[in-house]
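K.L.:
Each step along the sequence shown adds one to the number in UniProt numbering, with nothing skipped, and position 711 is 711. Yeah, the Cβ is synthetic: ideal placement off N, Cα and C, and Gly gets one too. Below is a structure I'd like to ask you about.
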Amino acid sequence: MQTEQDTNNPGLTAGSRVGGYTVNKITHLKDIHAWLYQLAHDKSGTRHIHISNADRENTFGVAFKTVPEDSTGVAHILEHTVLCGSARFPVRDPFFSMLKRSLSTFMNAFTASDWTMYPFSTQNRKDFYNLMDVYLDAAFFPNIDELSFKQEGHRLDFDGDGKNPKLVYKGVVYNEMKGAMSSPDQVMARSLLNALYPDTTYRNNSGGDPAEIPTLTHAQLKAFHARHYHPSNAYFYTYGNLPLADHLAFIEKRVLARFTRIDPKTDVPQQPRWTTPRTATYAYPLDRNEDPIKKYQACVAWLLTDIQDTFEMLVAAVIEQVLIGNAASPLRKALMDSQLGTALADGTGFEAENRDTMFAVGLKDVTETDAPAIETIIFDVLKRLADGGIDPELVESAIHQIEFHRKEITNSPYPYGIKLLISITASWLHGGDPERILQLDADLERLRQALSGDRFLETKIREYFLDNPHRVRFTLVPDQEMAEKERQRVESELAERLSHLKENDRTRIRSDAAALEKLQEAHEDLTRLPTLERTDIPPAVASVAFTPGVFQPPVWAYDQPTSGIFYFTGGLGAGTIDNHLLPLVPFFCYCASKMGTSACDYARVARRIDLYTGGVGFSANARTRFDDNGDCLPFVSFTGKCLNRNLDHLFAIIHELATQLDFADHPRLRQLILEYRAGLEAAVVHNGHRLAISLSARNFSAANHLQELWGGVHQLHAIKQVASETAKGDLSHLAADLKAIGRRLFCRGNIELALIGETEMLAHAETPMGNLTGALAAGGKPGFVSPPVTVPKGLPTEGWSTSTAVSFVAQTFATVRLSHPDSPALAVMAKILRSLYLHREIREKGGAYGGFALYNAEDGLFSFGSYRDPHIENTLRVYDGAADFICSGDYAEEDVKEAILQVCSEIDKPDPPGPASRKAFFRRMIGLSDETRLANKQNLLELDKKTVVAAAERYFSDRAIPKAVAVISSRDRLEAVNNGPGNRQLHLHTV
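See the structure below:
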């Protein structure tokens, strides 16, 4: 008999009525210590899920099935436009306004292939209902005025003065999707859907194809909202420790009482199955300066199971892990060992987001003719497994990975409540049972019973792949003329439209531009929006103290309630590594858990890591100390985590990596070089804004220099050089260099460790911990010192070219660090500039996806950045104008308060016990005390406008202050800046 009770919602039982809702089912989710409530609203048909637990970080979300019938981006543009003012909150941009009037730990909106979601999280009850109020009004009662549609979606405008101006397309989503469709992985993912689902909504680009976006009309947008954003098509979600009844009453009062049930006709049919396989070829834009010979991608993709069938989804997830989950997985290993490509193709894996699930696998960086050979390798492996059987250890490893990640509670990359929402959304919206996703016990038991029989997974491999004709052999082709052809097509299209414009059309375009500029410049009364006050901000900072006892420094123990998971975290000083070896440190980290040891080859190590741990990894860090004169502190962090029962296995793996790491397997080493390079290349367009800021910041200090060398474009250059030098097969020098790095790192006097877990875990760890530290080499120089790097003089003014249709523009200058009294004011200035100046000038007027300011308190730097930006020169002028704005004081005390709220929402962002302890350990390493953090927050809470303006004068008024500039864009756009009227010369380089 079930005796547990949900103390947050006493008295609720299945069948209970709560207002206009009926509680259909209540389930105890014992693995995550929560209760699941499934409800329906009788009048409107709205569905609601609530997950109740002790978490103070409460979450809300509302999702709609959004099923586009074309590639105009209607669902995506609607997602943007509903957040531009609503019936009760008729301000220009309530969403971005609430970002600064809240202590939210997460606020965003997502558009997927067939759903749109509006989620947020916060730890403050008042904030929770403030945000829900704004979100509900935005989703169900938006203004969707035509000017907002033109700003966020697309519009025509004139470029240039005089009698013969050019016609251009503008719009935030238009520019965002131009950037997205510059990226091979984006093109690959969307093209695979188009090829595999030709008869359903997934054939369309839900984000919007830039060629089709300009055909969308305002009337079509409003009609899409009327049909799709109705309670009968809505799925509500709440999570946390707040009472469910309060949520339901609020939603019913604000929204549901005003609607009756309709049939929105948004169910997505299953894709009709093919009787014969197909082939497909799609193109993506490649920069003219790159060699296209090995820039193809080739894969095979299958349509698999119905998303409603959670057992088949679990089976497919296990098979995915068996086939490609780690370096030893048979299909992944066969593909990589073929040396046809450098890494698995973009889009590889089991995709469980659509009405019919899919699986794809292949290689990237292949030649034009490699697709048939890749298909042969794939089918040879599948046939061998189906006929000869699957190693049971691979199956057990796959199940272990599912078990571990279901049990671990983390807030990365999203708050845990939002991670749960995302995990259930696709299945739930397509008629699946969320309980089966959140509580896998019944399906896992069914799977184990099936596995005890004869050849269950082997039969499934035959069913899913070998005997499944609904598959496509897919090739992604680089096209070095594609970007130019698209530019010419757009110019021709606009010239044609210009030639047919009548005078009243021209007048309307100009009046729209003037009206939009007036709207963007207008000072709004935001008092209609709810807000928090300074008194709502908790004055303390979260801290985690180490636990004294068995372990002594350099081993620090943290006794924490980690839900049966043990965390191992360490730091290895990297300051004594020879200067010529420093560029190799990140690659060493990438290799360290993937190369193998003198006791086990890489395949065996990979299998053990997946079988017994939740992951083992290394990463290079360059930090700036807080407890001395600001020296650079370079170190390699290494982490491992496991279920309590596998603690000895985790220590055995770490012990082996620390004492027997081996680089003698040169074919494997060469494979990892190419794989690592491919990963860095793929990240350039996605992380263009971060990379541009890193480039601009690199000459301010040793730490910034090393951060760029280890994590920026210069790291990509370093690994490209390594790949070139080892192309002929001689890897002996590289292997020796990596071995030398390992010898410097793994020394007894060069290590600091944190052990995080529950009391019995820490007690159990005493013996293996002692064995590990005792086995490390004695001697060696302590490496927690500043590295032997020389920072170049002068600051860069540079352009870096790559394949992209948009730009990423960064500017950086020096200020002061966290310990300085002006540090809180600089943090506030960054938020004011982003909210009140850059958002208006770069996003609303300029059409970029985003513009922002960042204050780096650790290094004492202030940076501006833009993301997916159609401009370069204009954006740099906006940055130049920031000084006038922030020094003018043309903002109110309320704006300062809102900026303080934004800074505090970042300071107070919560972490589960394991990650929180890990952060505390690294803060101790770099000398950032809790006392310093608390003093900084107290000074922040005391700021007023007068103090902010005075600080602004100190850091922004001097126009002669040296500033570094770095821009990542296409070669043509960079050259246009140098040849333009702005008298700005960028030193050009190639990414």
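Under the three-state reduction of DSSP, which class applies to Glu486: helix, strand or coil?
P.N.:
Looking up residue 486 in the sequence shown gives position 486. Residue state, collapsed to three classes: helix.
K.L.:
Taking C-alpha atoms, which residue in Ser329, Pro68 and Tyr197 lies nearest to Ala223?
P.N.:
On the sequence shown, position 223 is the one that residue 223 refers to. Residue Pro68 is the option with its Cα nearest to Ala223.
K.L.:
Would you call the CB atoms of Ser701 and Cys747 closer than 9 Å?
P.N.:
If you number the sequence shown from 1, residue 701 lands on position 701. If you number the sequence shown from 1, residue 747 lands on position 747. Their beta carbons are not under 9 Å apart, which means Ser701 does not touch Cys747 by this criterion.
K.L.:
Rounding to the nearest angstrom, what Cα-Cα distance links Leu476 and Gly208 in this structure?
P.N.:
As a position in the sequence shown, residue 476 is number 476, starting the count at 1. As a position in the sequence shown, residue 208 is number 208, starting the count at 1. One C-alpha to the other measures close to 20 Å.
K.L.:
By how many angstroms is the C-alpha of Tyr169 removed from the C-alpha of Ala491?
P.N.:
The residue given as residue 491 occupies position 491 in the sequence shown. The residue given as residue 169 occupies position 169 in the sequence shown. The sequence given here has Glu at residue 491, not Ala. Taking the straight line joining both Cα atoms gives about 10 Å.
K.L.:
Suppose contacts are defined by Cβ-Cβ distances below 9 Å. Is Leu440 in contact with Arg406 by that definition?
P.N.:
Position 440 of the sequence shown, counting from 1, holds the residue named residue 440. Position 406 of the sequence shown, counting from 1, holds the residue named residue 406. Yes.
K.L.:
Over the uninterrupted alpha helix (DSSP H) stretch that includes Val555, give me the two end residues.
P.N.:
Translated into positions along the sequence shown, residue 555 becomes position 555. Counting along the chain, Val555 falls outside any alpha helix (DSSP H), though it belongs to the beta strand (DSSP E) covering Val555 to Asp559.
K.L.:
From which residue to which residue does the beta strand (DSSP E) around Gly774 run?
P.N.:
Taking the first residue of the sequence shown as position 1, residue 774 is located at position 774. No beta strand (DSSP E) holds Gly774; the alpha helix (DSSP H) holding it covers Glu766 to Ala775.
K.L.:
Count the other CB atoms within 10 Å of the CB of Thr353; is the residue buried (16 or more) or exposed (fewer)?
P.N.:
Mapped onto the sequence shown, residue 353 falls at position 353. The question names Thr, but residue 353 in the sequence shown is Glu. Buried, since its Cβ has 16 or more Cβ neighbours within 10 Å.
K.L.:
Quick check: Leu753 and Thr773, are their CB atoms within less than 9 Å of each other?
P.N.:
Within the sequence shown, the letter at position 753 stands for residue 753. Within the sequence shown, the letter at position 773 stands for residue 773. Contact flag set, yes.
K.L.:
Give me the residue from Gly914, Ser637, Trp710 and Leu611 with the minimum Cα distance to Ala652.
P.N.:
Position 652 of the sequence shown, counted from the first residue, corresponds to residue 652. The option with the nearest alpha carbon to Ala652 is Leu611.
K.L.:
Give the range of the beta strand (DSSP E) segment to which Thr625 is assigned.
P.N.:
Numbered from its first residue, the sequence shown carries residue 625 at position 625. Note that residue 625 is Arg in the sequence shown here, rather than Thr. It is not in any beta strand (DSSP E) - Arg625 carries neither H nor E in the DSSP assignment.
K.L.:
Straight-line CA distance for Gly11 to Tyr955?
P.N.:
In the sequence shown, the residue the question calls residue 11 occupies position 11. In the sequence shown, the residue the question calls residue 955 occupies position 955. Using only the alpha carbons, I get a separation of about 59 Å.
K.L.:
In the DSSP assignment, the beta strand (DSSP E) including Val168 goes from what residue to what residue?
P.N.:
Translated into positions along the sequence shown, residue 168 becomes position 168. Unbroken beta strand (DSSP E) run through Val168: Lys166 to Lys170.
K.L.:
Quick check: the Cα distance between Gln2 and Ile418, rounded to an integer number of angstroms?
P.N.:
Reading the sequence shown from its first residue, position 2 is the one you call residue 2. Reading the sequence shown from its first residue, position 418 is the one you call residue 418. Residue confidence is low: Gln2 scores 49 on pLDDT, short of 50, so the model does not pin down where it sits. No coordinate-derived value is stated.
K.L.:
Within its chain, find whatever has a CB closer than 6 Å to the CB of Gly15; leave out the 5 residues flanking it on each side and keep chain order.
P.N.:
If you number the sequence shown from 1, residue 15 lands on position 15. Answer for Gly15: no residue qualifies.
K.L.:
Could you say which of Tyr202, Pro586, Val636 and Asn143 lies nearest to Leu716 if we only look at CA atoms?
P.N.:
Here the question's residue 716 lines up with position 716 in the sequence shown. Taking only the C-alpha atoms, the option nearest Leu716 is Pro586.
K.L.:
Runs of 3 residues minimum, wholly inside the stretch 279 to 352: which ones carry the beta strand (DSSP E) assignment?
P.N.:
You should have 296 to 306 and 349 to 351.
K.L.:
Could you please give the first and the last residue of the uninterrupted alpha helix (DSSP H) stretch that includes Ser397?
P.N.:
Taking the first residue of the sequence shown as position 1, residue 397 is located at position 397. Pro392 to Lys407 is the extent of the alpha helix (DSSP H) around Ser397.
K.L.:
Is it buried or exposed, His987, if we count other Cβ atoms within 10 angstroms and call 16 or more buried?
P.N.:
For the purposes of this step, residue 987 is identified with residue 987 of the sequence shown, where counting begins at 1. By the 10 Å Cβ count, His987 comes out exposed.
K.L.:
Excluding the five sequence neighbours on either side, which residues of its own chain have a C-beta within less than 7 Å of the C-beta of Pro788, listed in chain order?
P.N.:
Numbered from 1 along the sequence shown, position 788 holds the residue referred to as residue 788. Contacts found: Asn579.
K.L.:
Considering only the alpha carbon of each residue, which of Ala765, Asp627, Arg677 and Met177 lies closest to Tyr849?
P.N.:
Your numbering for residue 849 matches position 849 in the sequence shown. Checking every option, the nearest Cα to that of Tyr849 belongs to Met177.
K.L.:
Check this for me: beta carbons of Met132 and His230, under 9 Å apart or not?
P.N.:
As a first step, residue 132 is located in the sequence shown; it is residue number 132 there, counting from the start. As a first step, residue 230 is located in the sequence shown; it is residue number 230 there, counting from the start. No, Cβ-Cβ distance for Met132 and His230 is not below 9 Å.
K.L.:
When you compare only the Cα positions, how much space is there between Leu709 and Ala857?
P.N.:
Taking the first residue of the sequence shown as 1, we reach residue 709 at position 709. Taking the first residue of the sequence shown as 1, we reach residue 857 at position 857. Near 20 Å, if we compare the C-alpha coordinates of Ala857 and Leu709.
K.L.:
Does the Cβ of Ile293 have 16 or more other Cβ atoms within 10 Å, making it buried, or fewer, making it exposed?
P.N.:
As a working note, residue 293 is residue 293 in the sequence shown. So Ile293 ends up on the exposed side.
K.L.:
By how many angstroms is the C-alpha of Ser206 removed from the C-alpha of Thr215?
P.N.:
Residue mapping note: residue 215 aligns to position 215 of the sequence shown, counting from 1. Residue mapping note: residue 206 aligns to position 206 of the sequence shown, counting from 1. So the alpha carbons of these two residues sit roughly 14 Å apart.
K.L.:
According to DSSP, is residue 999 part of a helix, a strand, or is it coil?
P.N.:
Since the first and last residues shown for the chain are 1 and 991, residue 999 lies out of range.
K.L.:
Could you tell me which uninterrupted alpha helix (DSSP H) segments, each at least 4 residues in length, are contained entirely in the stretch 574 to 657, listed from first to last along the chain?
P.N.:
Counting only runs of 4 or more, we get 585 to 592 and 602 to 612.
K.L.:
Work out the CA separation of Ala622 and Gly982 for me, nearest whole Å.
P.N.:
For the purposes of this step, residue 982 is identified with residue 982 of the sequence shown, where counting begins at 1. For the purposes of this step, residue 622 is identified with residue 622 of the sequence shown, where counting begins at 1. Cα to Cα, the separation comes out at about 36 Å.
K.L.:
Can you tell me which of the three DSSP states Ser16 falls into?
P.N.:
Along the sequence shown, one-based indexing puts residue 16 at 16. The answer is coil: DSSP assigns Ser16 none of H, G, I, E or B.
K.L.:
Please tell me whether Leu854 and Ile693 are closer than 9 Å, where the distance is taken between their beta carbons.
P.N.:
Here residue 854 refers to the residue found at position 854 when the sequence shown is read from its first residue. Here residue 693 refers to the residue found at position 693 when the sequence shown is read from its first residue. For Leu854 and Ile693, yes; Cβs fall inside 9 Å.
K.L.:
Taking the beta strand (DSSP E) that Ser866 belongs to, which residues open and close that run?
P.N.:
Reading the sequence shown from its first residue, position 866 is the one you call residue 866. Per DSSP, Ser866 belongs to the beta strand (DSSP E) from Leu861 to Tyr867.
K.L.:
Please classify Lys295 as buried or exposed, where buried requires at least 16 other C-beta atoms within 10 Å of its C-beta.
P.N.:
Locating residue 295 in the sequence shown gives position 295, where the first residue counts as 1. Answer is buried; the Cβ neighbour count reaches 16.
K.L.:
Please classify Tyr129: does DSSP put it in a helix, a strand, or coil?
P.N.:
Taking the sequence shown and counting its residues from 1, the one referred to as residue 129 is at position 129. Of the three classes helix, strand and coil, the one that applies to Tyr129 here is helix, per DSSP.
K.L.:
Pro469 and Thr276 look like a contact to me (Cβ under 8 Å); what is the Cβ gap, rounded to whole Å?
P.N.:
Stepping through the sequence shown from its first residue, residue 469 is reached at position 469. Stepping through the sequence shown from its first residue, residue 276 is reached at position 276. Correct: roughly 5 Å between the Cβ atoms.
K.L.:
If you reduce the DSSP assignment to three classes, tell me which class Asp365 lands in.
P.N.:
On the sequence shown, residue 365 is found 365 positions in, with the first residue counted as 1. Note: Asp365 maps to strand in three-state DSSP.
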